[in-house]
Amino acid sequence: MDTAEILKKVRQIEIKTKGLTNHIFAGEYHSAFKGRGMSFSEVRDYQFGDDVRSIDWNVTARFNHPFIKVFEEERELTVMLLVDVSESADFGTVKQDKRALIAEICAVLAFSAIKNNDKVGVIFFSDGMEKYIPPKKGKSHILFIIRELLSFKPKRKGTNLSETLRFFNNATKKRSIVFLLSDFLSGNYQDALNIASKRHDMVGVHVYDQRDKELPPVGLIQMSDAETGALQWVDTADRRVREYYTQQFLQHSQYCRNAFLKSGAELVTVRTDEDYVKALQVFFLNRA
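Under full-length UniProt numbering, residues 1 to 288 are what the sequence shown spells out, in order.
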């Protein structure tokens, strides 16, 4: 996409995702992700029914009238988006490719975060860290993130989730809400995920295309591995070939589910031709 096309697409995503944030996810994000605790806000006159344990005895003694302490939730959080920009993210066969879907989901999450006065940062990764955008607040920052999501060109093609999580674990000491968005076509990342989940509130967003899972029976075709460039002729008319292809996908997916379950993290699964809004709604409501 050229600059004009990118800006047009950014505007389209902004309009759609801000609408979703305002009308569908309003309050659900807030309920799903609690603040770090309660902080003192003010004192006010004691009213019938107030918890006597909240009485401020020093102020009460000074004015010879009962006052209570009022606390409020510390809302400011840091949201980190760990975004897979490897070559396989450019794959999509029906409605959109995985990269476009990931960009839209990131926009929804980012606008939801700033609506709640939270900071948002991004790490783009392939088989290593590609780019780091420090957490900030504000609409202009979110629009910058969306532009980068649409236009960023990675230096490498592969995927290494373990290396990415290790970098994040070493670079980010402050506890954050972390959304890891990927097709999870990577090797073993269990240990790194375990460490990250202990330090942060980890949520995986598994994005896949129907053709990642199933091959159509269209005869002999030449297939290319997006991340290695390897070419191979595949006879899709052979039922055993199609079954093997599906089995490989199911093994990756099962490993992903097990890894997040064992680490205590959560996982949302979205297909490129399905409505991600419903999946996010269910996730937010289950956490509330």
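Think of the CB as a built atom: it goes at the ideal place given N, C-alpha and C, for glycine as much as any other residue.
All of these numbers come straight from a predicted model, not from anything done at the bench.
Look at the Cβ atom of residue i, then the Cβ atom of residue j, and state whether they are nearer than 8 Å.
| i | j | result |
| --- | --- | --- |
| residue 227 | residue 158 | yes |
| residue 182 | residue 161 | yes |
| residue 133 | residue 110 | no |
| residue 3 | residue 107 | no |
| residue 13 | residue 44 | no |
| residue 282 | residue 207 | no |
When you compare each of the options to residue i by their alpha carbons, which one comes out closest?
| i | options | result |
| --- | --- | --- |
| residue 239 | 148, 119, 275, 220 | 220 |
| residue 199 | 264, 70, 278 | 264 |
| residue 236 | 120, 216, 284 | 216 |
| residue 277 | 101, 121, 252, 246 | 101 |
| residue 173 | 197, 187, 91 | 197 |
| residue 82 | 49, 164, 171 | 164 |
| residue 295 | 9, 47, 135, 187 | The shown model of the chain, from 1 to 288, leaves out residue 295, and the question about it has no answer. |
| residue 285 | 136, 268, 119, 223 | 268 |
| residue 280 | 11, 32, 171, 225 | 32 |
| residue 118 | 91, 29, 11 | 29 |
| residue 241 | 47, 254, 218 | 218 |
| residue 9 | 230, 50, 144 | 144 |
| residue 254 | 231, 27, 46, 190 | 190 |
| residue 15 | 70, 146, 90 | 146 |
| residue 274 | 135, 22, 105 | 105 |
| residue 272 | 103, 138, 171 | 103 |
I'd like the list of long-range same chain contacts for residue i, defined as Cβ closer than 7 Å, with 5 residues on each side in sequence excluded.
| i | result |
| --- | --- |
| residue 130 | 85, 124, 154, 155 |
| residue 185 | 88, 159, 252 |
| residue 213 | 246, 249 |
| residue 233 | 220, 222 |
| residue 46 | 55, 66, 67, 68 |
| residue 21 | 108, 111, 112, 115 |
Identify, in the order they occur along the chain, each residue of the same chain with its Cβ nearer than 6 Å to the Cβ of residue i, setting aside the five sequence neighbours on each side.
| i | result |
| --- | --- |
| residue 93 | 209, 211 |
| residue 194 | 263 |
| residue 247 | none |
| residue 167 | 129 |
| residue 50 | 68 |
Looking only at its chain, what residues have a beta carbon closer than 8 Å to the beta carbon of residue i, apart from the 5 residues adjacent to it on each side?
| i | result |
| --- | --- |
| residue 148 | 122, 124, 131, 133 |
| residue 169 | 192, 195, 196, 199 |
| residue 230 | 224 |
| residue 287 | 31, 32, 33, 266 |
| residue 136 | 119, 120, 121 |
Under a CB-based cut-off of 8 Å, is residue i close to chain B?
| i | result |
| --- | --- |
| residue 138 | In summary, chain B is missing from the structure at hand, where a single protein chain is found. |
Q: Could I get the ranges of all uninterrupted alpha helix (DSSP H) runs contained in the region 158-208, with 4 residues as the minimum, in chain order?
A: 161-171, 190-199
Q. Is the region 243-258 touching the region 77-92 in the sense that three or more CB pairs, one from each, lie closer than 8 Å?
A. no
(Q) Can you confirm whether the region 162-178 touches the region 199-208 when touching is taken to mean that 3 or more C-beta pairs between the two stretches lie within less than 8 Å? (A) yes
Q) Okay, do the region 51-60 and the region 95-105 touch, 3+ Cβ pairs below 8 Å being the bar? A) no
Q.
Three or more C-beta pairs under 8 Å: does that hold for the region 61-68 against the region 106-120?
A. no
Q: Just list the beta strand (DSSP E) runs in the region 84-168, keeping only unbroken ones of 3 residues or longer that don't cross its boundaries, in chain order.
A: 119-125, 129-136
Q: Quick one: which unbroken beta strand (DSSP E) runs of 3-plus residues sit fully inside the region 209-239? Chain order, please.
A: 220-224, 231-235
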